[in-house]
Amino acid sequence: MKTKRAKDREIYDNYYVFEAWESAARENLEERGITAPSEEEMWNEVDALDQDFWEDVKCEMTNFFDDGFTWILSGTMERWNGKRSGHILFHTFSELLTKTAKDCDYYRFSDKNGHFLFQCSHHDGTNCFEIRKVTKAGEAYYENWSYSTRESDNRSEWDVCEQIVKRYSTLPHFAHQVYGLPKKEFITYDDEQ
């Protein structure tokens, strides 16, 4: 029986950076006459390739997220004292990284049928998020709540953000908007019976 699932369209991933860039690094070094590179030479070349790619991706994400809209990030953060769930509103890519990943060494961004997924890791654990674009109605919903008095509106910020995710946000479709890929792609595979 065949099953299909959403294709994971990787945007950036430095979790397995050496494996990702080893072949290109070896080729670059050979072009420069280094046919038997040392481990240090390989790592330096891998790092340079990854940094160049990261700068390109950061530029694409900055152009995408710094569009004047509000974005909402939902997910979990692992810390020394356990895992916490939550939501964060942000307006720029730089703000996203500052609020969620300032102590992280590893990042992974991907698009699954318009769902923008972000994972980052640090010494205490891994943070896993989904990012959605807040609609104008969602911005007004949050603003109305934030200016209300607690006597008249006893909803928590968590409750308000949950409603924004459910009712007042849209999928970003990053891979479609930036790279022109189809909004949805699937992988078909055979189930083992």
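For the sequence shown, my numbering gives the first residue as 3, with consecutive numbering after it.
Ideal Cβ placement from N, Cα and C applies to all residues, glycine included.
Fair warning: this is a prediction, and the values are worked out from it, not measured in the lab.
Exercise. State buried or exposed for Ser171, treating a residue as buried only when at least 16 other CB atoms are found within 10 Å of its CB.
Key: Position 169 of the sequence shown, counted from the first residue, corresponds to residue 171. Buried.
Quiz prompt | Contact the region 90 to 97 vs the region 54 to 65: 3+ CB pairs below 8 Å | solution = With three or more CB-CB distances shorter than 8 Å, the region 90 to 97 counts as touching the region 54 to 65.
Quiz item: Which residues bound the alpha helix (DSSP H) around Asn65?
Solution: Locating residue 65 in the sequence shown gives position 63, counting from the first residue. For Asn65, the uninterrupted alpha helix (DSSP H) segment begins and ends at Glu41 to Phe67.
Quiz item: Going by Cα to Cα distance, which pick from Phe131, Tyr108 and His125 is closest to Phe118?
Solution: Taking the sequence shown and counting its residues from 1, one reaches residue 118 at position 116. Between Phe118 and the set Phe131, Tyr108 and His125, the nearest pair of CA atoms involves Phe131.
Quiz item: Taking the alpha-carbon positions, what's the Gly35 to Asp52 distance?
Solution: The count along the sequence shown starts at 1 and reaches residue 35 at position 33. The count along the sequence shown starts at 1 and reaches residue 52 at position 50. Between Gly35 and Asp52, the C-alpha separation is close to 21 Å.
Quiz item: What do you get for Arg110, buried or exposed, if any count of 16 or more other CB atoms within 10 angstroms of its CB means buried?
Solution: On the sequence shown, position 108 is the one that residue 110 refers to. Arg110 counts as buried, since at least 16 other C-beta atoms from the protein chains shown sit within 10 angstroms of its C-beta.
Exercise. Provide the residue(s) that pair with Cys130 in DSSP beta bridges, ordered along the chain.
Key: Here residue 130 is taken as the residue at index 128 of the sequence shown, counted from 1. Answer is Thr78 and Gln121.
Quiz prompt | The alpha helix (DSSP H) enclosing Lys101, as first and last residue numbers | solution = Position 99 of the sequence shown holds residue 101. Unbroken alpha helix (DSSP H) run through Lys101: Phe95 to Thr102.
Quiz item: What is the rounded straight-line gap between the Cα of Pro174 and the Cα of Phe66?
Solution: As a first step, residue 174 must be located in the sequence shown, where it is residue number 172. As a first step, residue 66 must be located in the sequence shown, where it is residue number 64. Pro174 and Phe66 have their C-alpha atoms roughly 9 Å apart.
Quiz item: Got a sec? Which residues, its chain only, sit under 6 Å from Ile90 by beta carbon, not counting five neighbours each side?
Solution: Stepping through the sequence shown from its first residue, residue 90 is reached at position 88. In chain order, Leu75 and Lys101 place their CB closer than 6 Å to the CB of Ile90, counting only its own chain and leaving out the 5 sequence neighbours on each side.
Quiz item: Going by the beta-carbon positions, is the gap between Asn16 and Met79 smaller than 8 Å?
Solution: As a position in the sequence shown, residue 16 is number 14, starting the count at 1. As a position in the sequence shown, residue 79 is number 77, starting the count at 1. No; because the gap between Cβ atoms is not below 8 Å, this pair is not in contact.
Self-check item: Through-space distance from Ile13 to Lys168, alpha-carbon basis
Solution: In the sequence shown, residue 168 corresponds to position 166, counting from 1. In the sequence shown, residue 13 corresponds to position 11, counting from 1. Taking C-alpha positions only, Lys168 is separated from Ile13 by approximately 25 Å.
Quiz prompt | Contact belief for Ala22 with Asn115 at Cβ below 8 Å, rounded distance in angstroms | solution = In the sequence shown, the residue the question calls residue 22 occupies position 20. In the sequence shown, the residue the question calls residue 115 occupies position 113. At roughly 23 Å, the Cβ-Cβ gap does not stay under 8 Å, so Ala22 and Asn115 are not in contact.
Self-check item: Residues near Asp30 by beta carbon distance below 7 Å, same chain, minus five either side
Solution: Residue numbering aside, residue 30 sits at position 28 when the sequence shown is read from its first letter. The sequence given here has Asn at residue 30, not Asp. Result list for Asn30: Glu47, in chain order.
Quiz item: Would Gly84 be called buried (16 or more neighbouring beta carbons within 10 Å of its own) or exposed?
Solution: Position 82 of the sequence shown, counted from the first residue, corresponds to residue 84. Classification for Gly84: exposed.
Quiz prompt | Nonlocal neighbours in the same chain, by C-beta distance under 6 Å from Gly127, ignoring five residues either side | solution = Here residue 127 refers to the residue found at position 125 when the sequence shown is read from its first residue. Glu80.
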